[in-house]
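Visitor:
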Amino acid sequence: MSLLEVAGLRVRPGDGRDLISDLSFTVDAGGRFGLIGESGSGKSLTALTIMGLLPPGMTASGSVTLDVPGMGRTEIVGAGERRLNRLRGRAASVVFQEPLTALDPLMRIGHQVAGPLRRIQGLRGRALREAVTAALEEVRLAEPGRIAKAYPHEISGGQRQRVAIAMAIACRPALLIADEPTTALDVTVQAEVLALLDGLVSAHSMALLFISHDLAVVSGITDHVLILKDGVAVESGAVLDVVNGPRHPYARELVDSARELDAALDGLNATDGGTR
Amino acid sequence: MSVEQAVIGAPEEDGAKTTPRHVSRSVTLTIGCVLVGVIVLVAVVSLFWVPFAPEDTSGRRLMPPGLPHLLGTDKLGRDLLTQLMIGARIALAAGAGSVLLGGVIGIAAGLAAGFATRWLDDVVSALLDILIAFPTLLLAMLVAATQAASLTSAIVAIGLAMSAIVARLTRVLVKRVLAQDFITASRTSGTSWPRVVIEHVLPNIWPTLSVNLALQFGLAVLAEASLSYLGLGAPPPNASWGRMLQEAQASVFIAPVGVIAPGVLIVVLVIGVNLIADGFRDVADPTRRRRR
Ligand SMILES: Nc1ncnc2c1ncn2[C@@H]1O[C@H](COP(=O)(O)OP(=O)(O)O)[C@@H](O)[C@H]1O
Ligand SMILES: [Mg+2]
Numbered sequence: 001m002s003l004l005e006v007a008g009l010r011v012r013p014g015d016g017r018d019l020i021s022d023l024s025f026t027v028d029a030g031g032r033f034g035l036i037g038e039s040g041s042g043k044s045l046t047a048l049t050i051m052g053l054l055p056p057g058m059t060a061s062g063s064v065t066l067d068v069p070g071m072g073r074t075e076i077v078g079a080g081e082r083r084l085n086r087l088r089g090r091a092a093s094v095v096f097q098e099p100l101t102a103l104d105p106l107m108r109i110g111h112q113v114a115g116p117l118r119r120i121q122g123l124r125g126r127a128l129r130e131a132v133t134a135a136l137e138e139v140r141l142a143e144p145g146r147i148a149k150a151y152p153h154e155i156s157g158g159q160r161q162r163v164a165i166a167m168a169i170a171c172r173p174a175l176l177i178a179d180e181p182t183t184a185l186d187v188t189v190q191a192e193v194l195a196l197l198d199g200l201v202s203a204h205s206m207a208l209l210f211i212s213h214d215l216a217v218v219s220g221i222t223d224h225v226l227i228l229k230d231g232v233a234v235e236s237g238a239v240l241d242v243v244n245g246p247r248h249p250y251a252r253e254l255v256d257s258a259r260e261l262d263a264a265l266d267g268l269n270a271t272d273g274g275t276r
Numbered sequence: 277m278s279v280e281q282a283v284i285g286a287p288e289e290d291g292a293k294t295t296p297r298h299v300s301r302s303v304t305l306t307i308g309c310v311l312v313g314v315i316v317l318v319a320v321v322s323l324f325w326v327p328f329a330p331e332d333t334s335g336r337r338l339m340p341p342g343l344p345h346l347l348g349t350d351k352l353g354r355d356l357l358t359q360l361m362i363g364a365r366i367a368l369a370a371g372a373g374s375v376l377l378g379g380v381i382g383i384a385a386g387l388a389a390g391f392a393t394r395w396l397d398d399v400v401s402a403l404l405d406i407l408i409a410f411p412t413l414l415l416a417m418l419v420a421a422t423q424a425a426s427l428t429s430a431i432v433a434i435g436l437a438m439s440a441i442v443a444r445l446t447r448v449l450v451k452r453v454l455a456q457d458f459i460t461a462s463r464t465s466g467t468s469w470p471r472v473v474i475e476h477v478l479p480n481i482w483p484t485l486s487v488n489l490a491l492q493f494g495l496a497v498l499a500e501a502s503l504s505y506l507g508l509g510a511p512p513p514n515a516s517w518g519r520m521l522q523e524a525q526a527s528v529f530i531a532p533v534g535v536i537a538p539g540v541l542i543v544v545l546v547i548g549v550n551l552i553a554d555g556f557r558d559v560a561d562p563t564r565r566r567r568r
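Heads up: the protein sequence lines correspond to chains A and B, in order. Following this note's numbering, the numbering of the first sequence begins with 1 at its first residue and continues without gaps. Following this note's numbering, the numbering of the second sequence begins with 277 at its first residue and continues without gaps.
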């Protein structure tokens with residue numbers, strides 16, 4: 001049974017060409033799906049469409065359905081705001097690329113993390129405070145008390161992204177969409193945040209839609225991938241199949257460049273004695 | 277080294293917790309509160325006690341400061357201190373009343389326009405532009421034509437004129453906040469529109485808006501002064517600083533206090549309110565405070 005089913009999705013602005021055309025894929029409950037493409041290929045728009053949050057003026061056609069046990073099956077395209085709002089945070093939620101702008105600069109971290117817990121789980125008072133602390137601890141933030149009182153500009157980029165992850169998974173969504181969650185981070189923190197996401201998704205058996213421009217990163221964390229170019233799917237399938245036998249020229253290009261980088265890094269490791 | 281630092285001294289000398297900027301901000305707030313506080317105090321006292329009755333013209337005309345008229349008298353022989361004390365009440369009422377009226381209407385209209393669909397937004401924006409082009413004086417005459425000219429009619433006119441300016445600013449600020457990632461991010465976790473407004477939009481537009489409202493407060497005090505000079509404000513014997521200032525102009529060389537005193541008070545009130553707003557903005561916006 002599929003948790004998310006995208007079929008013949010088309011997204012277009014009020015005027016001009018399609019930004020996404022005839023996109024189809026499915027994500028199973030607990031499954032991990034990778035969406036790859038260069039900047040501007042329509043990855044983020046796909047994520048926003050699934051949340052029913054396309055920018056004003058843009059319209060989607062085709063079908064996007066979320067089928068969550070206990071919440072029924074919902075057609076997202078054309079659904080009303082009330083219906084969509086019940087799904088957001090519970091059926092699906094998103095971790096965005098840039099954690100600094102994805103957090104309200106004027107609201108304390110604790111208050112922001114409390115938002116979904118209060119709204120969706122109805123927690124109040126002491127129970128809410130404890131849930132916030134637990135959520136911050138779950139994403140391995142040391143000193144959750146201090147972080148909860150801090151404003152976003154007072155903590156590091158890696159810490160901010162952990163906070164964003166804590167908020168996204170606070171109410172245990174069936175589907176977690178991670179839109180380039182490590183792209184804006186320092187190289188040293190990228191691996192940590194990736195490992196954290198990987199662990200949390202497994203621990204709570206959430207499904208993961210992982211978006212990236214980096215095939216190497218996606219192939220390490222998902223089992224199925226789809227390669228998007230200018231809003232069109234050019235290749236999709238099991239990760240191993242795509243990496244071992246890319247058919248579309250653009251897919252081949254991606255695989256080759258990933259391999260080259262790998263080889264270069266191996267060479268570096270050999271001469272460096274593996275210290276870096 | 278900035279002037280601020282030069283005046284206040286080196287920051288980390290004694291391991292003080294606050295940075296110089298922090299110190300200077302709280303100084304700003306304190307000075308503002310003292311300035312406005314004095315005027316509020318005077319206004320409150322005037323409700324219970326003034327040295328002479330406001331309509332008492334028994335004194336000699338244009339007396340210099342002395343006894344029994346501490347600050348002298350005006351050209352009708354009225355006690356200047358009495359007039360100034362009552363004027364404080366009127367100035368505060370004019371400023372606060374206009375800002376309250378203009379702020380509530382303006383912020384509500386601005387929020388609506390900021391959220392509106394394209395064509396509705398265009399209509400509202402055009403209306404606002406017309407209203408802003410409309411002189412406050414003309415508005416005041418229209419309002420005064422429907423009822424007798426009074427402090428209230430002046431406040432209504434000033435407040436309405438102000439609401440258009442506040443609405444236009446609010447609209448721009450709302451649009452800017454709504455375009456930010458954190459609004460979308462918050463909505464992905466199911467925040468409804470009303471909550472988005474209360475939790476994200478209002479707090480994020482407030483730092484800028486409050487400074488502008490303080491500016492509007494000062495302008496309202498000045499506007500009331502000119503309206504009452506034209507007979508479109510509080511009628512005598514209720515003294516308005518603006519009217520006192522203009523009435524005393526003719527005799528500035530004989531009795532300079534009559535011009536200086538209300539002038540200074542207007543400036544003190546306007547500066548005080550602006551200092552408070554400036555200080556408050558930093559309280560409302562933590563990104564402007566430096567880390568301790
Ligand atoms: N709000 C918007 N208005 C108009 N065009 C947009 C908007 N958001 C994205 N686009 C366009 O849609 C295309 C896909 O954008 P996006 O999904 O953000 O790409 P990606 O996430 O893959 O980098 C781009 O060409 C971009 O210019
Ligand atoms: Mg993107």
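Think of the CB as a built atom: it goes at the ideal place given N, C-alpha and C, for glycine as much as any other residue. Since this is a predicted model, take the numbers as computed values, not measurements.
1) Just to check, is the beta-carbon of K43/A closer than 8 Å to a non-hydrogen atom of ligand 2?
2) Spatial neighbours of T460/B within its chain, please: C-beta separation below 7 Å, excluding the five flanking residues on both sides.
3) For E235/A, which three-state DSSP category applies?
4) Between the segment 94-110 of chain A and chain B, which residues of the former have CB atoms less than 8 Å from a CB of the latter, in chain order?
5) Does the beta carbon of L19/A fall short of 8 Å from some heavy atom of ligand 1?
6) Could you check whether the Cβ of M167/A sits closer than 9 Å to any Cβ belonging to chain B?
7) Beta carbon of Q97/A: closer than 8 Å to some heavy atom of ligand 2?
8) Look up E75/A in the DSSP assignment and give the residues it is bridged to.
9) Use the C-beta contact count for D280/A: other C-beta atoms within 10 angstroms, 16 or more gives buried, fewer gives exposed.
10) Would you report the Cα separation of A598/B and V535/B, rounded to the nearest angstrom?
11) If I measure Cβ to Cβ from G157/A and keep anything under 6 Å in the same chain, skipping five residues before and after, which residues do I get?
12) In or out: T49/A buried (at least 16 other Cβ within 10 Å) or exposed?
13) Would G115/A pass as an interface residue toward chain B - the criterion being a Cβ-Cβ separation below 9 Å?
14) Quick one: list the residues of chain B neighbouring I120/A, beta-carbon separation under 8 Å, in chain order.
15) Taking just the CA atoms, how far does G390/B sit from V68/A?
16) I need the boundaries of the beta strand (DSSP E) containing L23/A, first residue and last residue.
17) Of the choices M361/B, S334/B, L485/B, whose alpha-carbon is the least far from that of V375/B?
18) Rounded to a whole number of angstroms, what is the C-alpha to C-alpha distance between G89/A and I177/A?
19) Strictly below 9 Å CB to CB, what residues from chain B border L53/A?
20) The beta strand (DSSP E) spanning R12/A covers which residue range?
21) So does E180/A have its beta carbon nearer than 8 Å to some heavy atom of ligand 2?
22) Are T563/B and P105/A close, meaning C-beta to C-beta below 9 Å?
23) Got a sec, what are the start and stop residues for the beta strand (DSSP E) D179/A sits in?
24) Does DSSP put R88/A in a helix, a strand or coil?
25) Assuming the contact rule is C-beta atoms closer than 8 Å, G62/A and A7/A should be a hit. Round their C-beta distance to whole Å, please.
26) So is V138/A buried or exposed if we call it buried at 16+ other beta carbons inside 10 Å?
27) Near L103/A, which residues of its chain fall below 7 Å by C-beta distance, leaving aside the five closest residues on each side in sequence?
28) Just to check my reading of the structure: G353/B and P340/B have Cβ atoms closer than 8 Å, yes? What is that Cβ distance to the nearest angstrom?
29) Is DSSP giving I155/A helix, strand or coil here?
30) Run through DSSP, which three-state label would A230/A get?
31) For R73/A, which option in T65/A, D18/A, S205/A has the closest C-alpha, if you only look at C-alpha atoms?
32) Does chain A have any CB closer than 9 Å to the CB of H345/B?
33) Spell out whether any CB of chain B is found under 9 Å from the CB atom of H153/A.
34) Looking at S516/B: is its Cβ nearer than 9 Å to the Cβ of A319/B?
35) Based on the DSSP secondary-structure assignment, which residues constitute the bridge partners of V94/A?
Guide: Considering the structure as presented:
1) Using a cutoff of 8 Å, the CB of K43/A counts as near ligand 2, since one of the ligand's heavy atoms is closer than that.
2) Here T460/B has no same chain residue with a Cβ atom under 7 Å from its own Cβ, once five neighbours each way along the sequence are excluded.
3) The answer is strand: DSSP assigns E235/A an E or B state.
4) Here the close residues are V94, F96, E98, T101, A102, L103, D104, P105, L106, M107.
5) Yes, ligand 1 has a heavy atom inside 8 Å of this Cβ.
6) Judged by the 9 Å Cβ criterion, M167/A is in contact with chain B.
7) Yes; taking the cut-off as 8 Å, the Cβ of Q97/A has a heavy atom of ligand 2 nearer than that.
8) Its beta-bridge partners are T65/A.
9) Since the first residue of chain A shown is 1 and the last is 276, residue 280/A is not available in this structure.
10) Because chain B spans 277 through 568 in this model, residue 598/B falls outside it and cannot be assessed.
11) Sequence-distant Cβ neighbours of G157/A in its own chain, meaning closer than 6 Å and more than five residues away, are L185.
12) It is buried - the Cβ of T49/A has at least 16 other Cβ atoms within 10 Å.
13) Output row for G115/A: interface = yes.
14) Neighbours of I120/A across chain B, judged by C-beta separation under 8 Å: S465, G466.
15) If you take the alpha carbons of V68/A and G390/B, they lie about 35 Å apart.
16) Per DSSP, L23/A belongs to the beta strand (DSSP E) from 20-28.
17) Comparing Cα positions, the closest option is L485/B.
18) When the Cα atoms are used, G89/A and I177/A turn out to be separated by approximately 11 Å.
19) What L53/A touches in chain B: T460, R463, T464.
20) Taken as a continuous stretch (DSSP letters only), the beta strand (DSSP E) holding R12/A covers 2-12.
21) True, at least one ligand heavy atom lies under 8 Å from that Cβ.
22) Contact: yes.
23) It spans 175-179 - the beta strand (DSSP E) in which D179/A sits, taken as one unbroken run.
24) In the structure shown, R88/A sits in a strand (DSSP, three-state: E or B).
25) 6 Å between Cβ atoms; contact.
26) Strictly speaking, residue 138/A in this sequence is Glu, with Val absent from that position. In this structure E138/A is buried. Its beta-carbon is surrounded by 16 or more other beta-carbon atoms within 10 angstroms.
27) Non-local beta-carbon contacts of L103/A in its own chain, meaning distances under 7 Å to residues more than five positions away in sequence, involve Q112, P152, R160, V163, A164 in chain order.
28) In fact, because the Cβ distance is near 13 Å, the residues do not count as touching under 8 Å.
29) Correct three-state label for I155/A: coil.
30) What sits at residue 230/A in the sequence shown is Asp, not Ala. D230/A falls in the coil class under three-state DSSP.
31) Distances from the alpha-carbon of R73/A to those of T65/A, D18/A, S205/A put T65/A closest.
32) Taking a beta-carbon distance threshold of 9 Å, H345/B does not count as an interface residue toward chain A.
33) Answer yes: the Cβ-Cβ gap between H153/A and chain B drops below 9 Å somewhere.
34) By the CB criterion at 9 Å, S516/B and A319/B fall outside the cutoff.
35) In DSSP, V94/A forms a bridge with I177/A.
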